[in-house]
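Chemist:
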Amino acid sequence: MIVTALHRHPVKSLLGEEATRARIDGRGLDGDRRYALLDLVDGRIASAKEPRAWRRLLTLRARTVGGGVRITGPDGAVLDDAGISALLGRPVRLIDERPPGAVLRRSVPEQVLAAGIDAEVDSPEQEFGSAAEPGSFFDFAPLHLVTTASLAGAPAARYRPNLVIGHDGEPYAENAWTGRELAVGPDLRLRVIAATPRCAVPTLPHGTLPADPEALRRPARENRVRPLPGMPPLPCLGAYAQVLSPGVVEVGDTVTLH
1 MIVTALHRHP VKSLLGEEAT RARIDGRGLD GDRRYALLDL VDGRIASAKE PRAWRRLLTL
61 RARTVGGGVR ITGPDGAVLD DAGISALLGR PVRLIDERPP GAVLRRSVPE QVLAAGIDAE
121 VDSPEQEFGS AAEPGSFFDF APLHLVTTAS LAGAPAARYR PNLVIGHDGE PYAENAWTGR
181 ELAVGPDLRL RVIAATPRCA VPTLPHGTLP ADPEALRRPA RENRVRPLPG MPPLPCLGAY
241 AQVLSPGVVE VGDTVTLH
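The opening position of the sequence shown corresponds to residue 1 in full-length UniProt numbering, with each subsequent residue numbered one higher.
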């Protein structure tokens, strides 16, 4: 197996950028999920996991610039907090530290599929990063990977992974990697800790990519598994990992399962 792509998402739920080379450590891929937008109305973190309120986040793109981030709108214009708020129709502020107790809402994906993205559906609150460093903006773990076999030709951008791994075997091989280690390139060592449950985000328009309900329906049909003990079977695609040993990774690096 080899690394076929590296993806960075500097701001949570915004479109990101590809890299050909990146350092990965306990905080994930360098520059990934370092920022988020804070909803100034209710104090929650803005997330496209609640598409009725926040699907327009996926019309914005974040790029790493020097030691910071640049956010552009659908027309390519650079936006500040005021411009972002105007586009979203709700006041927000870009933050790089998570306020204590901050949460997001995660709409039940099957309800979104059935009722549509404008419908009011159950959207329970979700805490952040129980398998990541404190204060991060990761949903769960600091690294998300997916194989090309599991993507089955779908654009990786829909699933927002950090590492895309070229794999010519069966789809959803990542399910069997939980508890095992991956060696990536000369130095990086990962431990796979769970299959990745999918939310409604892959189904939404991503920049120029149109909406695609099949992005969730396919894993719902083909790959309902228990991501962690005590959880029900959920549509999963990809895997979460923690970093055992940091390293610099390049596209084309070898990936070995241990």
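We put the CB at the ideal spot given by N, CA and C, even for glycine. Bear in mind that the values here come from a model prediction, so they are computed numbers and not experimental data.
By Cβ distance below 6 Å, which residues in the same chain neighbour Ser85 in space, the five residues on each side in sequence not counted?
Modeler: Around Ser85: Pro91 and Val92.
Chemist: Among the candidates Val65, Val41, Gly43 and Pro10, whose CA atom is the shortest distance from the CA of Leu58?
Modeler: Pro10
Chemist: Between Thr196, Leu15 and Val225, which lies nearest to Pro74 when the distance is taken from Cα to Cα?
Modeler: Comparing Cα-Cα distances from Pro74 to each of Thr196, Leu15 and Val225, the minimum goes to Leu15.
Chemist: With three or more beta-carbon pairs closer than 8 Å as the criterion, would you say the segment 62-76 touches the segment 146-157?
Modeler: no
Chemist: Let me check understanding here. Comparing Cα to Cα, which of Arg105, Gly230, Leu79 and Leu29 lies closest to Ala194?
Modeler: Gly230
Chemist: Quick one: what's got a C-beta closer than 7 Å to His167's C-beta in the same chain, skipping five residues either side?
Modeler: Met1, Thr147, Thr148, Ala149 and Ala173
Chemist: Helix, strand or coil: which one does DSSP assign to Asp250?
Modeler: Per the sequence presented here, residue 250 reads as Glu, with Asp not at that position. Looking at Glu250 - three-state DSSP - the assignment turns out to be strand.
Chemist: Taking all protein chains shown into account, decide if Leu258 is buried (16 or more other Cβ within 10 angstroms of its Cβ) or exposed.
Modeler: For clarity, residue 258 is His in the given sequence; the question names Leu instead. It counts as exposed.
Chemist: To the nearest whole angstrom, what separates the beta carbons of Ile24 and Val243, a pair I think is in contact under 8 Å?
Modeler: 6 Å
Chemist: Where do the N-terminal and C-terminal ends of the beta strand (DSSP E) with Ala19 fall, by residue?
Modeler: That run of the beta strand (DSSP E) goes Glu17 to Ala19.
Chemist: Could you tell me how far apart the beta carbons of Ala156 and Val164 are, in whole angstroms, since I believe they sit closer than 8 Å?
Modeler: 5 Å
Chemist: Under 8 Å between the Cβ atoms of Pro219 and Cys236?
Modeler: yes
Chemist: With a threshold of 8 Å between beta carbons, is Trp54 in contact with chain D?
Modeler: Here there is only one protein chain, and chain D is not present.
Chemist: What does the alpha-carbon distance come out to for the pair Ser107 and Asp122?
Modeler: A straight-line Cα-Cα distance of about 6 Å links Ser107 and Asp122.
Chemist: If I measure Cβ to Cβ from Ile71 and keep anything under 6 Å in the same chain, skipping five residues before and after, which residues do I get?
Modeler: Leu60, Ala62 and Leu79, listed in sequence order.
Chemist: List the residues that DSSP assigns as beta-bridge partners of Asp39.
Modeler: Val92
Chemist: According to DSSP, simplified to helix, strand and coil, what is Ser136?
Modeler: The answer is coil: DSSP assigns Ser136 none of H, G, I, E or B.
Chemist: Taking Cβ to Cβ, would you say Glu97 is nearer than 8 Å to Arg27?
Modeler: no
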